[in-house]
Amino acid sequence: MRFVFYIIAGFIFLYSCKSKPTTLPKLGEMDIQNGDTIFHQIPSFAFTDQYGDTISEKTVAGKIYVTDFFFTKCPTICPKMSKQMLRLHEKYSGEKNMMLISHSIDSKYDTTITLKKYAEKLGVGNSRFWHFLHIPKDELNAIAREYLASVQKDTLTAGGFTHTGHFILLDGERHIRSFCDGTKPEEVDRLMTDIDLLLREKSN
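Here this note's numbering is used: the first residue of the sequence shown is 17, the next is one more, and so on.
Structure representation (structure tokens):
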């Protein structure tokens with residue numbers, strides 16, 4: 017039997033960012049197979065980061081990570097998101113069981129060199145905690161769907177793309193555990209509470 021838990025984005029946002037649970041739900045599609053619950057999991061992947069290194073499911077194995085979708089020439093929500101990601105970097109960069117991953121949606125312009133310069137501009141040019149990934153054009157939609165993220169090219173929009181402003185929190189088994197509006201500091205504060213909860217779960 018299959019249950020589809022693709023919850024309306026607004027509901028996910030309210031639940032994951034504004035409530036104060038003692039444990040976080042596992043979001044996405046869920047299967048019941050032979051009486052066992054199989055939760056949605058980000059599938060295997062392999063993309064290149066700003067250093068030219070391959071970041072894959074092996075890189076994040078056992079680690080909590082926060083991810084988002086952006087592009088370096090974005091004139092709208094991305095600067096706000098980057099500012100909030102920097103807050104996460106400042107607070108958690110010393111946490112060995114966590115990392116940040118940002119997926120670029122502009123494969124043509126955001127080369128490895130461009131992503132490295134972007135990281136340097138943000139002041140994290142030497143960070144091995146925050147990875148900026150180049151995503152091939154033909155793989156973008158598939159990986160975005162796995163993260164329940166909305167991404168599309170839009171020539172009528174400033175910058176030429178529209179995309180979700182959510183930060184997405186995943187556990188060490190690549191299960192989605194929380195969403196938050198990455199443009200709003202108060203919502204990122206709530207996401208930090210969720211991150212701390214997952215880190216405590218992992219240490220127990």
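The beta carbon of each residue, even a glycine, is placed where N, CA and C say it ideally should be.
Asked	Found
Helix, strand or coil at Ala135 [DSSP, three-state]	helix
Cβ-Cβ distance between Pro41 and Arg193 below 9 Å	yes
Which listed residue (Leu215, Phe86, Glu106 and Lys169) has its alpha carbon closest to that of Phe145	Glu106
Proximity of Thr75 and Met115 at Cβ, strictly below 9 Å	yes
Reduced DSSP secondary structure (H/G/I, E/B, other) of Ser35	With a pLDDT of 48 at Ser35, under the threshold of 50, the modelled position of this residue cannot be trusted; read the value that follows with caution. DSSP places Ser35 in coil when its eight states are reduced to three.
Glu203 to Lys96 span [Cα, whole Å]	12 Å
Check whether Leu215 and Ile80 have beta carbons under 9 Å apart	yes
8 Å contact criterion, which Gln100 and Pro201 should meet: CB distance rounded	6 Å
Start-to-end residues for the alpha helix (DSSP H) that takes in Ala158	Lys153 to Glu162
Cα-Cα separation, Asn220 to Leu213	11 Å
Nearest to Asp69 (by Cα), restricted to the options Phe183, Leu104 and Leu131	Leu131
Per-residue DSSP class, three states only, for Arg216	helix
Buried or exposed by the 16-neighbour rule on C-beta atoms within 10 Å, applied to Tyr163	buried
Within 9 Å, strictly: CB atoms of His191 and Gly44	yes
Pair within 9 Å by beta-carbon distance, His179 and Phe85	yes
CB contact check: Lys132 to chain D, cutoff 9 Å	The structure shown contains no chain D, having only a single protein chain.
Cβ-Cβ distance between Phe87 and Ser120 below 9 Å	yes
Neighbourhood of Tyr125 by C-beta distance below 8 Å, restricted to the same chain and skipping five residues each side	Phe87, Thr88 and Lys89
Identity of the residue in Asp205, Asp187, Arg206 and Lys218 nearest Val82 by Cα	Asp187
Close-in-space but distant-in-sequence residues of the same chain around Pro152 (CB under 7 Å, 5 per side omitted)	Ser123
One or two residues paired with Cys196 in a DSSP bridge	Phe183
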